[in-house]
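K.L.:
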Amino acid sequence: MSKIRYESVMTADRNLNPTEHEEYDSPYTIPNDRYAALTTVLHDVGGEPDFPQALYTKSEEEWEMNTYVTCECLGWRGAWNSEMRRRLENDLGKTQYYGFPYYGRWITGAARVLVDKGLITTDELGDKIDEIRARLEKK
Amino acid sequence: MATPKFQVGDKVRIKDRTTLFHTRTQKYIRKRVGTVVEHRPEWVIPEDEAWDRMETGRKEPFYVIRFKQTDLWPDYTGFAQDTLESEASESWLESVKG
Numbered sequence: 080m081s082k083i084r085y086e087s088v089m090t091a092d093r094n095l096n097p098t099e100h101e102e103y104d105s106p107y108t109i110p111n112d113r114y115a116a117l118t119t120v121l122h123d124v125g126g127e128p129d130f131p132q133a134l135y136t137k138s139e140e141e142w143e144m145n146t147y148v149t150c151e152c153l154g155w156r157g158a159w160n161s162e163m164r165r166r167l168e169n170d171l172g173k174t175q176y177y178g179f180p181y182y183g184r185w186i187t188g189a190a191r192v193l194v195d196k197g198l199i200t201t202d203e204l205g206d207k208i209d210e211i212r213a214r215l216e217k218k
Numbered sequence: 003m004a005t006p007k008f009q010v011g012d013k014v015r016i017k018d019r020t021t022l023f024h025t026r027t028q029k030y031i032r033k034r035v036g037t038v039v040e041h042r043p044e045w046v047i048p049e050d051e052a053w054d055r056m057e058t059g060r061k062e063p064f065y066v067i068r069f070k071q072t073d074l075w076p077d078y079t080g081f082a083q084d085t086l087e088s089e090a091s092e093s094w095l096e097s098v099k100g
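Same order as they appear, the protein sequences are chains A and B.
Heads up: the first sequence is residues 80 to 218, going by this note's numbering.
Heads up: the second sequence is residues 3 to 100, going by this note's numbering.
See the structure below:
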């Protein structure tokens, strides 16, 4: 990773840290209400207070439909099912769950399943990601 | 096929179980009382399906449960007769007398 890229990744990463950093920096004990808050299942947001969201429509992008089709094919071949996908999305943790695009969560979950099942290795996957990034950055 | 424990018209309360990793039972219906309005076919419960146990997972009858909106939201401003329906597997339900 180049020095400039390293610096920008670290800056972005620091901006993701919770504001109340000390309280969330692996405390020795936590009160029950925080345990309840921290163990709330991520996708179970129905009924939570929120501010009004602007409604805007967008059409699907190619990578989104490619992701969808890849994930469905993995389902047909028995690699996973929709309930596993939902659980794996929750497993991403709050930062990645809300930080990734919707289909970014899908494809990350799919990758996780393939690694868990020994169908690909993390270095194989990482090498491919790096190869594609290098190719796109050249363009 | 297991015989469903609850019948259409029965009042049921949704259990407030710990849901550490994954759940399909919304927190706004947990601890609330509703009425069974429909049976759904027996199926592998999401707690097992989510961990790739389609073949060996536990199967349970599923139910459609109807809640009064005013029972779900303390400050509900809609009509008093408004309802909401959700689905849950049998192990999430306990019977309510009366």
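Glycine included, each C-beta is placed from N, C-alpha and C at the ideal position.
Output, in sequence order along the chain, the residues in the segment 79-90 of chain B whose CB is closer than 9 Å to any CB in chain A.
P.N.:
none
K.L.:
In angstroms with no decimal places, state the Cα-to-Cα distance between B/E92 and B/V98.
P.N.:
A straight-line Cα-Cα distance of about 14 Å links B/E92 and B/V98.
K.L.:
Can you tell which of B/Q9, B/K17, B/T25 and B/T79 has the C-alpha that lies nearest to the C-alpha of B/E49?
P.N.:
B/T25
K.L.:
Roughly how many angstroms separate the alpha carbons of B/T37 and B/G80, rounded to a whole number?
P.N.:
20 Å
K.L.:
Please report how far the alpha carbon of A/E168 lies from the alpha carbon of A/E151, in whole angstroms.
P.N.:
16 Å
K.L.:
Along the chain, where does the alpha helix (DSSP H) that runs through A/K217 open and close?
P.N.:
T201 to K217
K.L.:
On a CA-only basis, which of A/W155, A/P128, A/W142 and A/L153 is nearest B/D77? Give me that one, please.
P.N.:
A/P128
K.L.:
Hey, out of A/S81, A/S87 and A/A91, whose CA is closest to A/T174's CA?
P.N.:
A/A91
K.L.:
With contact counted as at least three CB pairs below 8 Å, one residue from each stretch, are the segment 174-186 of chain A and the segment 133-150 of chain A in contact?
P.N.:
Using a C-beta cut-off of 8 Å, the segment 174-186 of chain A makes contact with the segment 133-150 of chain A, since at least three inter-stretch Cβ pairs fall below that distance.
K.L.:
Measuring only between beta-carbons, confirm whether B/D73 sits less than 9 Å from chain A.
P.N.:
no
K.L.:
To be precise: take each residue of the segment 22-53 of chain B, compare its Cβ to all Cβ atoms of chain A, and keep it if any distance is under 8 Å. Which residues remain?
P.N.:
L22, F23, H24, T25, R26, Q28, K29, Y30, P48, E51, A52 and W53
K.L.:
Beta-carbon separation of A/L204 and A/A213 under 9 Å?
P.N.:
no
K.L.:
Please work out which residues of its chain come closer than 6 Å, Cβ to Cβ, to A/G188, disregarding the five sequence neighbours upstream and downstream, and give them in chain order.
P.N.:
R164, L167 and E168
K.L.:
Assign A/W159 to one of two classes, buried (16 or more other C-beta atoms within 10 Å of its C-beta) or exposed (fewer than that).
P.N.:
By the neighbour-count rule (16 or more Cβ atoms within 10 Å), A/W159 is buried.
K.L.:
Below 8 Å between beta carbons is the criterion; list the residues of the segment 111-135 of chain A that meet it against any residue of chain B, in chain order.
P.N.:
Against chain B - using a Cβ distance shorter than 8 Å - the residues of the segment 111-135 of chain A are T118, T119, V120, D123, G125 and G126.
K.L.:
Below 7 Å CB to CB, which residues in the same chain sit around B/T72 once its five sequence neighbours on both sides are set aside?
P.N.:
Y78 and A82
K.L.:
Going straight from the alpha carbon of B/L74 to that of B/E96, what length do you get?
P.N.:
17 Å
K.L.:
Identify which residue in B/R60, B/T20 and B/W45 has its Cα closest to the Cα of A/V120.
P.N.:
B/T20
K.L.:
Under a CB-based cut-off of 9 Å, is B/T20 close to chain A?
P.N.:
yes
K.L.:
From what residue to what residue does the beta strand (DSSP E) around B/K13 run?
P.N.:
K13 to I16
K.L.:
Under the criterion of a Cβ to heavy atom distance below 8 Å, does B/T37 qualify as lining the ligand NAD?
P.N.:
Although the ligand NAD was asked about, the structure shown includes no ligands whatsoever.
K.L.:
Closer than 6 Å by C-beta to A/R93: which residues in its own chain qualify, once you throw out the five before and the five after it? Chain order, please.
P.N.:
Closer than 6 Å at the Cβ level, and outside the excluded window around A/R93, lies no residue.
K.L.:
By Cβ distance below 7 Å, which residues in the same chain neighbour B/K70 in space, the five residues on each side in sequence not counted?
P.N.:
T85
K.L.:
Put B/E96 into one of helix, strand or coil per three-state DSSP.
P.N.:
strand
K.L.:
Interface residues of chain B around A/W159 at Cβ under 9 Å?
P.N.:
Close partners of A/W159 in chain B (Cβ separation under 9 Å): D54.
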